[in-house]
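K.L.:
Residue numbers (this note's numbering), protein chains in the order written: chain A, 7 to 289; chain B, 551 to 803. Beta carbons: idealized from backbone N, C-alpha and C, even for Gly. What follows is a structure written as structure tokens; I'll ask about it next.
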Amino acid sequence: MQLNKVLKKKILIDKAFTIILICAMIIYLVPIISIIYETVSRGLPALNLDFFTKPIPTAGEEGGGIANAIQGTVISIALASLIGIPVGILSGIFLSEYRELKITSFIRFINEVFHGIPSIIIGLFSFVLISKRIGFSVLAASFSLALIMIPIVTIVTQESLKMVPATIREAAFSLGIPKWKTTIFIVLRGAWQGIVTGILLSIGRIIGESAPILVTMGFYRWWFSGLDRPVSNMALNIFIFAMSPFQNWVRLAWGTALVLLVLVLLLNIIPRLMMLRREVRYE
Amino acid sequence: MSDYKIIVENVSAGYNSNIVLRNINLKIPQRKITAIMGPSGSGKSTFLRILNRLHELTPGAWVKGRVILDGIDIYDRKVNPTLIRKKIGMVFQKPNPFPMMSIYDNVAIGLKLNGIKDKKTLDEIVRRSLEIVGLWDEVKGDLHRPGTMLSGGQQQRLCIARALAVNPEVILMDEPTSSLDPISSMTIESLVKKLAEDRTIVIVTHNVQQAIRLADYVAFFYLGELIEHGPAVEVFTNPKHELTLKFVKGAIG
Numbered sequence: 007m008q009l010n011k012v013l014k015k016k017i018l019i020d021k022a023f024t025i026i027l028i029c030a031m032i033i034y035l036v037p038i039i040s041i042i043y044e045t046v047s048r049g050l051p052a053l054n055l056d057f058f059t060k061p062i063p064t065a066g067e068e069g070g071g072i073a074n075a076i077q078g079t080v081i082s083i084a085l086a087s088l089i090g091i092p093v094g095i096l097s098g099i100f101l102s103e104y105r106e107l108k109i110t111s112f113i114r115f116i117n118e119v120f121h122g123i124p125s126i127i128i129g130l131f132s133f134v135l136i137s138k139r140i141g142f143s144v145l146a147a148s149f150s151l152a153l154i155m156i157p158i159v160t161i162v163t164q165e166s167l168k169m170v171p172a173t174i175r176e177a178a179f180s181l182g183i184p185k186w187k188t189t190i191f192i193v194l195r196g197a198w199q200g201i202v203t204g205i206l207l208s209i210g211r212i213i214g215e216s217a218p219i220l221v222t223m224g225f226y227r228w229w230f231s232g233l234d235r236p237v238s239n240m241a242l243n244i245f246i247f248a249m250s251p252f253q254n255w256v257r258l259a260w261g262t263a264l265v266l267l268v269l270v271l272l273l274n275i276i277p278r279l280m281m282l283r284r285e286v287r288y289e
Numbered sequence: 551m552s553d554y555k556i557i558v559e560n561v562s563a564g565y566n567s568n569i570v571l572r573n574i575n576l577k578i579p580q581r582k583i584t585a586i587m588g589p590s591g592s593g594k595s596t597f598l599r600i601l602n603r604l605h606e607l608t609p610g611a612w613v614k615g616r617v618i619l620d621g622i623d624i625y626d627r628k629v630n631p632t633l634i635r636k637k638i639g640m641v642f643q644k645p646n647p648f649p650m651m652s653i654y655d656n657v658a659i660g661l662k663l664n665g666i667k668d669k670k671t672l673d674e675i676v677r678r679s680l681e682i683v684g685l686w687d688e689v690k691g692d693l694h695r696p697g698t699m700l701s702g703g704q705q706q707r708l709c710i711a712r713a714l715a716v717n718p719e720v721i722l723m724d725e726p727t728s729s730l731d732p733i734s735s736m737t738i739e740s741l742v743k744k745l746a747e748d749r750t751i752v753i754v755t756h757n758v759q760q761a762i763r764l765a766d767y768v769a770f771f772y773l774g775e776l777i778e779h780g781p782a783v784e785v786f787t788n789p790k791h792e793l794t795l796k797f798v799k800g801a802i803g
């Protein structure tokens with residue numbers, strides 16, 4: 007009898023807890039789904055061939071597109087990757103393969119702190135370092151984006167290298183292969199998918215950054231005209247367009263938002279699909 | 551030349567304050583199979599990893615004493631461990647082909663990274679190595695496929711081929727059949743016999759039957775000490791130490 011009562015109580019608690027979890031899930035899902043719904047329903051009508059091929063119209067002008075913003079965003083990300091990917095990968099290698107050094111755990115800690123620094127602060131740093139000297143420029147913006155990328159690429163590289171079993175390294179050593187060659191030609195090869203994942207995730211992160219863009223380069227609506235000049239940026243444009251009183255710019259803002267949303271989704275889904283394949287490999 | 555390939559003198563080893571091996575003295579004969587046996591935790595794997603200086607790579611690991619390979623103390627400060635490891639190949643407990651690498655590259659990589667670039671030479675050595683381990687006919691059409699696609703037994707033979715490719719004089723084997731099915735194990739065992747014709751083999755096993763089948767020479771470890779060693783016939787038919795007798799009979803281990 008007694009036991010039955012205890013059991014009933016437990017079942018009740020279990021049910022209550024399930025309901026709480028479902029509620030939390032709903033609170034979480036409703037905004038996400040409404041954001042996606044709103045962006046798709048308002049962004050989709052803005053998309054047409056002109057949207058991708060025509061430059062940004064002047065305020066109040068009809069038609070046009072965001073072609074120079076696409077160009078500018080691609081250039082910014084390419085430049086950021088040029089600095090961020092090699093530095094991130096090399097740092098990740100250092101943190102994973104030279105664990106025996108005392109300084110490594112300190113650097114790992116710094117890297118994690120760095121990862122959490124608000125992007126506006128990184129932007130301001132880049133502003134002081136570069137924009138104040140050569141002016142608002144794509145160089146300053148890309149540098150700040152690179153600084154945001156580095157800790158992400160570093161952490162993922164480090165984690166992917168750690169997943170390569172120790173006996174792989176030992177097998178290479180026992181072939182008389184020196185450590186640096188083992189790391190670059192054998193261990194890195196085994197971790198490659200994970201590292202690519204990290205790179206894609208970090209691009210997904212910086213593609214949506216607007217704060218550091220605003221302080222290092224500002225709003226600009228023309229084509230690329232040199233590294234010491236600004237370029238147009240999709241994420242920042244959403245902010246500027248959406249705040250403007252011009253109907254056409256607001257339309258472009260929704261269109262841009264949809265394009266970014268799809269890009270970020272893809273950059274997050276592709277690595278996940280790759281991860282699935284990777285798990286099979288090490289079973 | 552001495553009849554002994556490796557001479558281990560007063561070797562003790564461990565991790566931080568733990569002692570794993572105490573004062574080991576052992577001579578490993580040239581071109582013979584020496585089996586290192588003992589129950590788990592007896593220090594036999596650590597002993598093996600001391601012979602090619604892999605042990606020291608684990609954080610906190612230490613070694614004392616001398617290990618003399620062909621008259622040279624491999625723990626001498628002037629000795630480069632990478633050069634030592636070129637002469638001493640190793641096969642591990644679990645097959646560990648290099649990930650994301652073709653069967654061909656798995657065998658060729660040791661040569662490639664040691665500076666051999668000539669395609670003909672590489673092809674030749676890859677083929678010969680795979681032939682020795684009896685894998686050539688099974689994989690010759692699939693050389694570009696990943697090494698990890700092979701079955702467990704095939705992977706282990708691939709790993710042996712990989713070790714053979716750089717032509718080591720000694721091959722260390724750390725329970726190479728313990729993760730394999732009986733048929734694959736038998737294939738590996740007969741391969742080990744064949745390899746010993748012109749190489750020195752040191753094989754760790756906790757399987758007495760395997761040691762009886764393979765070994766010319768046996769060393770029995772127990773709790774970090776070398777209890778008994780000698781020609782296999784003597785150790786198995788007439789063990790001098792009670793612990794050895796118990797282990798051989800299967801009472802411990």
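Quick one: grab the DSSP three-state call for THR203 of chain A.
P.N.:
Helix at THR203 of chain A.
K.L.:
Considering only the alpha carbon of each residue, which of A:SER143, A:GLU103, A:ALA178, A:TRP255 lies closest to GLN164 of chain A?
P.N.:
Residue A:GLU103 is the option with its Cα nearest to GLN164 of chain A.
K.L.:
Does the beta-carbon distance from LEU598 of chain B to VAL752 of chain B come in below 8 Å?
P.N.:
In this structure, VAL752 of chain B lies closer than 8 Å to LEU598 of chain B by Cβ.
K.L.:
Taking a cut of 8 Å between CB atoms, which residues from the region 101 to 134 of chain A lie near chain B?
P.N.:
From the region 101 to 134 of chain A, only ARG105, GLU106 have a Cβ closer than 8 Å to chain B.
K.L.:
Skipping 5 residues on each side, what residues in its chain have a beta carbon closer than 8 Å to that of ARG257 of chain A?
P.N.:
Result list for ARG257 of chain A: PRO51, ALA52, in chain order.
K.L.:
Let me know the secondary structure DSSP gives ARG287 of chain A once reduced to three states.
P.N.:
Its pLDDT being 48, under 50, ARG287 of chain A is placed unreliably by the model, and the measurement read from it follows with that caveat. Residue state, collapsed to three classes: helix.
K.L.:
Is the beta carbon of PRO726 of chain B less than 8 Å from the beta carbon of VAL641 of chain B?
P.N.:
It is a contact, given that the beta carbons lie within the stated cut-off.
K.L.:
When the Cα atoms are used, what is the spatial distance from LYS555 of chain B to THR737 of chain B?
P.N.:
Distance between the alpha carbons of LYS555 of chain B and THR737 of chain B is about 26 Å.
K.L.:
Who are the near neighbours of ILE113 of chain A in its chain, counting only those whose CB is closer than 8 Å to its CB and skipping five residues on each side?
P.N.:
Closer than 8 Å at Cβ, skipping near neighbours: SER97, PHE100, LEU101.
K.L.:
Could you tell me the alpha carbon to alpha carbon distance between ASN717 of chain B and LEU85 of chain A, rounded to whole angstroms?
P.N.:
Cα to Cα, the separation comes out at about 46 Å.
K.L.:
Let's test the definition: count the other Cβ atoms within 10 Å of the Cβ of HIS605 of chain B and tell me whether it reaches 16, buried, or not, exposed.
P.N.:
The residue in question, HIS605 of chain B, is buried, as its Cβ has 16 or more Cβ neighbours within 10 Å.
K.L.:
What residues from chain A crowd round VAL716 of chain B, counting only those whose CB sits closer than 8 Å?
P.N.:
Here the neighbours are LEU181, GLY182.
K.L.:
Among the residues of its own chain, which have a CB less than 8 Å from the CB of GLY702 of chain B, if the five just before and after it don't count?
P.N.:
The answer, listed in chain order, is PRO645, SER729, LEU730, ASP731, SER734.
K.L.:
With 16 other CB atoms within 10 Å as the buried threshold, where does VAL268 of chain A fall?
P.N.:
With fewer than 16 Cβ atoms within 10 Å of its Cβ, VAL268 of chain A is classed as exposed.
K.L.:
Report all residues from its chain with a CB closer than 8 Å to the CB of ASN10 of chain A; omit the five preceding and five following residues, and keep chain order.
P.N.:
Excluding residues within five positions, none has a Cβ falling inside 8 Å.
K.L.:
Taking the straight line between their C-alpha atoms, what separation do you get for MET551 of chain B and ASP623 of chain B?
P.N.:
Reliability fails at MET551 of chain B, whose pLDDT of 49 lies under 50, so the model's placement of it is uncertain and the value that follows must be treated cautiously. Cα to Cα, MET551 of chain B sits roughly 16 Å from ASP623 of chain B.
K.L.:
Mind checking which residues open and close the alpha helix (DSSP H) that includes THR110 of chain A?
P.N.:
Run containing THR110 of chain A: 109 to 122, per the alpha helix (DSSP H) assignment.
K.L.:
Roughly how many angstroms separate the alpha carbons of ILE205 of chain A and GLY94 of chain A, rounded to a whole number?
P.N.:
Using only the alpha carbons, I get a separation of about 9 Å.
K.L.:
Nearest to GLU681 of chain B by CA position, among B:ALA715, B:MET651, B:MET699, B:ILE659, is which residue?
P.N.:
Out of B:ALA715, B:MET651, B:MET699, B:ILE659, B:ALA715 has the C-alpha closest to the C-alpha of GLU681 of chain B.
K.L.:
Relative to the alpha-carbon of ARG627 of chain B, which residue among B:GLY639, B:VAL613, B:LYS637 has its alpha-carbon at the smallest distance?
P.N.:
Nearest option by C-alpha distance: B:VAL613.
K.L.:
Going by DSSP in three states, GLU778 of chain B sits in which element: helix, strand or coil?
P.N.:
DSSP places GLU778 of chain B in strand when its eight states are reduced to three.
K.L.:
Of the choices A:ALA259, A:ALA263, A:MET280, A:ILE209, whose alpha-carbon is the least far from that of GLY69 of chain A?
P.N.:
GLY69 of chain A has its Cα closest to that of A:ALA259, out of A:ALA259, A:ALA263, A:MET280, A:ILE209.
K.L.:
On the DSSP bridge assignment, give the partners of LYS614 of chain B in chain order.
P.N.:
Answer is B:SER562.
K.L.:
8 Å is my cut-off, CB to CB: does MET651 of chain B come that close to chain A?
P.N.:
Answer yes: the Cβ-Cβ gap between MET651 of chain B and chain A drops below 8 Å somewhere.
K.L.:
Which of the three DSSP states is assigned to VAL134 of chain A in this structure?
P.N.:
If DSSP states are grouped into helix, strand and coil, VAL134 of chain A belongs with the helices.
K.L.:
The alpha helix (DSSP H) that contains GLY92 of chain A, what's its start and end?
P.N.:
A small fix is needed here, since residue 92 of chain A is Pro in this sequence, not Gly. From DSSP, the alpha helix (DSSP H) with PRO92 of chain A extends over 73 to 103.
K.L.:
Give the secondary structure of ALA197 of chain A by DSSP, where H, G and I count as helix, E and B as strand, and everything else as coil.
P.N.:
Three-state result, ALA197 of chain A: helix.
K.L.:
What does ASN646 of chain B reach in chain A if we use C-beta pairs closer than 7 Å?
P.N.:
Ordered by position in chain A, the residues that pass the 7 Å Cβ test against ASN646 of chain B are PRO171, THR173, ILE174, ALA177.
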